[in-house]
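Notes for the one structure printed next.
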Amino acid sequence: MGVFQQPAMKKGEILATGFIEIDQELCKDCKFCITVCPQRLIESSDRMNQKGYYPARFVEKPAKKEGRKCTGCSLCAIS
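Position 47 of the sequence shown, counting from 1, maps to 47 under my numbering, and the rest follow consecutively.
Written out as structure tokens, the structure is:
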């Protein structure tokens with residue numbers, strides 16, 4: 001049996017997990033990270049920072065309840 005005959009991962013299996021940290025004072029509320037997050041784990045804060053912006057915040061959802069968890073894709077960091 002060849003190497004490529006079996007899938008690398010099972011359907012729905014998460015290979016990596018991640019965590020992001022957002023500097024609330026440097027965030028300008030551009031919402032780029034919110035838009036690109038495939039798991040929808042980033043949202044705008046309801047608190048204004050010192051510069052008058054509503055910074056993004058990371059909201060990790062319990063994987064068992066919602067089936068969503070940060071995969072560490074880093075799309076939020078490069079947006």
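Just so you know, even glycine gets a beta-carbon here, dropped at the ideal spot from N, CA and C. Just so you know, these numbers come straight off a predicted model, no measurement behind them.
Query	Result
What is the DSSP secondary structure of F32, reduced to helix, strand or coil?	helix
Going by DSSP, what residue range makes up the beta strand (DSSP E) through I42?	I42 to S44
What residue range does the beta strand (DSSP E) around F58 cover?	A56 to F58
Rounded to whole angstroms, what is the Cα-Cα separation between V59 and L41?	5 angstroms
Output the distance between the C-alpha atoms of K51 and Q24, rounded to the nearest integer angstrom.	10 angstroms
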